[in-house]
Structure formats: structure tokens, C-alpha cells
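Everything on this sheet refers to the single structure shown next.
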Amino acid sequence: MPKFRITYTVYADLELDQHVIDAVDDEWRSSFYNLHTPEDIAEHIGRNLIRNARLSMLDGWADQADTSASLAISNEEVEAEAHDAE
Numbered sequence: 613m614p615k616f617r618i619t620y621t622v623y624a625d626l627e628l629d630q631h632v633i634d635a636v637d638d639e640w641r642s643s644f645y646n647l648h649t650p651e652d653i654a655e656h657i658g659r660n661l662i663r664n665a666r667l668s669m670l671d672g673w674a675d676q677a678d679t680s681a682s683l684a685i686s687n688e689e690v691e692a693e694a695h696d697a698e
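Have a look at this one:
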């Protein structure tokens, strides 16, 4: 059976309500992730929205409305190549 290595590059625009960012404080970090800057938070949420599709499915934001985070994929590139199974 052939195997393929597939590389996806996704370009997306992410919008977060301010309260999603403000939820991340020292108490939040002690239970969840060591995120400090708005950019850290955006990267974490964006990556997980691509995988999980909804903000409320993410640890630490289960109490947030899904509409508090919006991700729009503006472009994607896909590259696939066959490789040996060994």
C-alpha cells in the first residue's frame, strides 16, 4: 500500500473577542497552558480551531461562546509526495 507524506500550509485570519484574551491570567495558566501574549493566545486558538472547529471545545475556553472566535482561511497550499514504507 503506498504511503504519502502530505504537507498543508494554511493561511488564516483570526478574530478574537477581547474577553477571550482577558480570560488568560495566572490562575488560568496554572490549570491550562503557559500562554502570555495575545499572539501566543491567538496562535494556540487558531491552530486548535483548524483542528477542532469550535472555541468551546478547547481546554480553558469551554465556557466561551463559539462566536467569540472567528477563523477565516484565506489560502491553503497542499503538497503530497509518495515515500517508501521503510
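For the sequence shown, the working numbering begins at 613 and goes up steadily by one. Idealized CB from N, CA, C, for every residue including glycine.
Checklist entry - If we call anything under 8 Å between Cβ atoms a contact, is alanine 681 one with phenylalanine 616? => result No, these two residues do not count as a Cβ contact at 8 Å.
Checklist entry - Using a Cβ-Cβ cut-off of 8 Å (strictly less than) and excluding sequence neighbours within five positions of aspartate 675, which residues of its own chain qualify? => result Ser668, listed in sequence order.
Item to check | glycine 658 vs alanine 624 beta-carbon contact at 8 Å | outcome: In contact: glycine 658 and alanine 624 (Cβ atoms closer than 8 Å).
Item to check | Where isoleucine 653 falls, given that 16 or more other Cβ within 10 Å makes a residue buried | outcome: Flag for isoleucine 653 reads buried.
Item to check | Of the listed residues Thr649, Glu688, Ser643, nearest to tryptophan 673 (C-alpha basis) | outcome: The alpha carbon of tryptophan 673 has as its nearest neighbour, out of Thr649, Glu688, Ser643, the alpha carbon of Ser643.
Next on the checklist: On the criterion of 16 or more Cβ atoms from any shown chain inside 10 Å, does valine 632 qualify as buried, or is it exposed?
Outcome noted: With 16 or more Cβ atoms within 10 Å of its Cβ, valine 632 is classed as buried.
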